[in-house]
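Top to bottom, those sequences are chains X and C.
Position in the first sequence (first residue = 1) + 438 = my numbering.
Position in the second sequence (first residue = 1) + 438 = my numbering.
First comes the structure, then the notes that go with it.
There are 2 protein chains.
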Amino acid sequence: MLKKERQAFILKQINLHNRVLSSDLSLEINVSEDTIRRDLLELSVEDKLIKVHGGALSKSFHSSFLREDIYQLDAKKLIAHKALNLIKDGMFVLTSGGTTVIELARILPVALKATFFTGSIPAAYEYAKHPNIELIFIGDKISKSSQITVGGEAIMKINSIKPDLCLLGVNAIDLAAGVTDNDWDVVQVKKAMVEAASKTAVLTITEKLNSSQKLKICDINQVDYLITEKDHQHDLFHAYASAGVEIL
Amino acid sequence: MLKKERQAFILKQINLHNRVLSSDLSLEINVSEDTIRRDLLELSVEDKLIKVHGGALSKSFHSSFLREDIYQLDAKKLIAHKALNLIKDGMFVLTSGGTTVIELARILPVALKATFFTGSIPAAYEYAKHPNIELIFIGDKISKSSQITVGGEAIMKINSIKPDLCLLGVNAIDLAAGVTDNDWDVVQVKKAMVEAASKTAVLTITEKLNSSQKLKICDINQVDYLITEKDHQHDLFHAYASAGVEIL
DNA sequence: TATAAATAGGCAAAAAAGTGCAAAAATATG
DNA sequence: CATATTTTTGCACTTTTTTGCCTATTTATA
Chain X
439 MLKKERQAFI LKQINLHNRV LSSDLSLEIN VSEDTIRRDL LELSVEDKLI
489 KVHGGALSKS FHSSFLREDI YQLDAKKLIA HKALNLIKDG MFVLTSGGTT
539 VIELARILPV ALKATFFTGS IPAAYEYAKH PNIELIFIGD KISKSSQITV
589 GGEAIMKINS IKPDLCLLGV NAIDLAAGVT DNDWDVVQVK KAMVEAASKT
639 AVLTITEKLN SSQKLKICDI NQVDYLITEK DHQHDLFHAY ASAGVEIL
Chain C
439 MLKKERQAFI LKQINLHNRV LSSDLSLEIN VSEDTIRRDL LELSVEDKLI
489 KVHGGALSKS FHSSFLREDI YQLDAKKLIA HKALNLIKDG MFVLTSGGTT
539 VIELARILPV ALKATFFTGS IPAAYEYAKH PNIELIFIGD KISKSSQITV
589 GGEAIMKINS IKPDLCLLGV NAIDLAAGVT DNDWDVVQVK KAMVEAASKT
639 AVLTITEKLN SSQKLKICDI NQVDYLITEK DHQHDLFHAY ASAGVEIL
């Protein structure tokens, strides 16, 4: 069998079954696993498939969602980088959805080994691409507007875990009003998340600071860390720092 | 043998077998391999064949592989459209992941009002965009390779529902071997899905027909509908139809 | 953390390809 | 017809490609 034929065969198997094992191909085509590995390497640099330990995966399965224009993306990236400091190897992390949290999911260091819980579909999609984190999706009804799980079953599930850290992307935060939002179902879930976690970090652009909405998620004193794009010594944060929130 | 005769012979062999080896041709025509190589070089600059190390490949063979992705996508879209006929307003539909199912998710008519259950992140992402369907995500550990929920909790959840229809994107289906797959965790979940649903429809391109993998999801007699891109009267389906599967 | 599988990188043998050359054959030209 | 010119072909040689094997590392997973 010619090399090109072999590679075509491999691609066909991948498109057919979404994944192949080097060992299987080696047996089927009757060449050494080294040869298969070299083929997979070539095809992967040609962007025809995704090479993984032990074989290869179909590309179509792993193409990413289109990133739409995100408001203040640079600020959100900065926030994400700051938030990384809170996440350590072996941690159990519970995260909400929201563009800032998704940005964080994208930049998690590949070496990080941790367990993430989330009910957000876009966030889960990003976490799932990470090689070393274990992902537990909290299922139930999906809220269309926020693409996040809501409902009693999800809340029960959240109550049954005890994560080290909750990363909350929020809509509004204010010293007096606390963390607030405007979707009843989402608020119930976020409430449960804050309650369950040992520590809670709020991720938000400063624009949302000192604003409030109609439904309350938690008080300021339940927030352990506040992460924004501005320097932690900025005047804006004095009152929050006094209230016991650590500013990052 | 004249040079032109020889080249015509080579082209004939290529069209017949899709590939030729320089060494074979040298023996058959009784000229040196150098001459064959020069012939192949000439024919390849004339765009009559594709020269590769060791011989040559037919043009159609090669170009069909380049276009395979698009070709398969068309097939999957066709399958998705056929599958639509099974889905009625008010139904509870349980779906797996896989590119074909995701294609279906993309083309659900906006007017359709139904409840969808899934454990696939990409599929959920598509369902979530639909205005009128209610989406319940089945949560648990997410399998990285297939981006689908796996694990005992997910299976228990599936067992607790009684959907009207299960839409299964499969990796391999065969009359004797039944529906098979290659990931243990995924197989457990799919098994539960088939068990739970009143009716099961298998969505697959015909290329996956009559192929099998190592782990069994269910027997052919548990499959109610088989949906492929080919006409339902195609010879390929006789045996399946005889086994009681309705071909769409 | 320990163990087995998978991988990368170096090496060598074999196959194939490129190169230059010269003999043979075909073709052109006076 | 004789000679010059071009084309074709095979051969000797070097270079490149392909492949399998080996060993040290890395990776997956219990």
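Just so you know, even glycine gets a beta-carbon here, dropped at the ideal spot from N, CA and C.
By the three-class DSSP mapping on this structure, what secondary structure does residue i have?
{"i": "I599(X)", "result": "coil"}
{"i": "G493(X)", "result": "strand"}
{"i": "V458(C)", "result": "strand"}
{"i": "G607(X)", "result": "strand"}
{"i": "K637(X)", "result": "strand"}
{"i": "I593(X)", "result": "helix"}
{"i": "T642(C)", "result": "coil"}
{"i": "K654(X)", "result": "strand"}
{"i": "I576(C)", "result": "coil"}
{"i": "E684(C)", "result": "strand"}
{"i": "S581(C)", "result": "strand"}
{"i": "L613(X)", "result": "coil"}
{"i": "D621(X)", "result": "coil"}
{"i": "I448(X)", "result": "helix"}
{"i": "I467(X)", "result": "helix"}
Please list the partners that residue i has in chain X, where partner means a Cβ-to-Cβ separation under 7 Å.
{"i": "Q660(C)", "result": "By Cβ distance, chain X contributes nothing, its closest Cβ being about 21 Å from Q660(C), past 7 Å."}
{"i": "K600(C)", "result": "Here the premise fails: no neighbours, minimum Cβ distance about 17 Å."}
{"i": "E645(C)", "result": "L454"}
How would you write the range of the alpha helix (DSSP H) that residue i sits in, first residue to last?
{"i": "L542(X)", "result": "T537 to I545"}
{"i": "D472(C)", "result": "E471 to V483"}
{"i": "K517(X)", "result": "What sits at residue 517(X) in the sequence shown is Ile, not Lys. Taken as a continuous stretch (DSSP letters only), the alpha helix (DSSP H) holding I517(X) covers L511 to L522."}
{"i": "I559(C)", "result": "I559 to K567"}
{"i": "S680(X)", "result": "H676 to S680"}
Could you name the residues of chain C that residue i contacts, counting a contact when the two beta carbons are closer than 7 Å?
{"i": "A562(X)", "result": "I559 and I580"}
Which same chain residues, not among the five before or five after residue i, have their C-beta less than 8 Å away from its C-beta?
{"i": "E541(C)", "result": "L511, K514, K515, I517 and A518"}
{"i": "S581(C)", "result": "T587, V588, D621, D623 and V624"}
Which residues in chain X have a C-beta closer than 8 Å to the C-beta of residue i? List them in chain order.
{"i": "A549(C)", "result": "What A549(C) touches in chain X: nothing, since even the nearest Cβ is about 16 Å away."}
{"i": "N523(C)", "result": "The premise fails here: N523(C) is roughly 25 Å from chain X at the closest Cβ pair, so nothing lies under 8 Å."}
CB-CB under 7 Å to residue i, same chain, minus the five flanking residues each way: which ones, in chain order?
{"i": "E667(C)", "result": "A513, L516, I517, I643 and T644"}
{"i": "Y565(C)", "result": "A543, F554, T556, I571 and L573"}
{"i": "V458(C)", "result": "I448, Q451, I452, G493 and A494"}
{"i": "G535(C)", "result": "S558, P560, A561, S584, Q585, I586 and G607"}
Given that residue i touches chain X, what residues does it touch there, using C-beta distances under 9 Å?
{"i": "A610(C)", "result": "L454 and H455"}
Beta strand (DSSP E) containing residue i: first to last residue?
{"i": "I661(X)", "result": "Sequence check: residue 661(X) is Val here, not Ile. It is not in any beta strand (DSSP E) - V661(X) carries neither H nor E in the DSSP assignment."}
{"i": "I586(C)", "result": "I586 to V588"}
{"i": "L532(X)", "result": "F530 to T533"}
{"i": "T556(C)", "result": "T553 to T556"}
Enumerate in chain order the residues of its own chain whose CB-to-CB distance from residue i is below 6 Å, with the five nearest sequence positions on each side excluded.
{"i": "V683(X)", "result": "V661 and L664"}
{"i": "F530(X)", "result": "T553, P601 and D602"}
{"i": "K489(C)", "result": "L478 and S482"}
{"i": "H672(X)", "result": "none"}
In chain C, which residues lie less than 9 Å from residue i when you measure between Cβ atoms?
{"i": "A566(X)", "result": "I559, I580, S581, K582 and Q585"}
Against chain C, which members of the stretch 572-597 of chain X pass a CB distance test of less than 8 Å?
E572, L573, I574, F575, I576, G577, D578, K579, I580, K582, Q585, T587, A592 and K595
Quick one, which residues of the stretch 440-471 of chain X are near chain C if we go by CB-CB under 7 Å, in chain order?
L440, K441, K442, E443, A446, L449, N453, L454, H455, N456 and R457
Note down, in chain order, all residues in the stretch 476-499 of chain X with a beta-carbon under 9 Å from any beta-carbon belonging to chain C.
V490, L495, S496, K497, S498 and F499
Residues of the stretch 529-542 of chain C whose Cβ lies closer than 8 Å to any Cβ of chain X, in chain order
G536 and T537
Interfacial residues, the stretch 625-643 of chain C to chain X, with Cβ spacing under 9 Å:
I643
Using a beta-carbon distance cut-off of less than 8 Å, what residues from the stretch 649-680 of chain C approach chain X?
S649 and Q651
Please list the residues of the stretch 507-519 of chain X that have a C-beta atom closer than 9 Å to any C-beta atom in chain C, keeping them in chain order.
none
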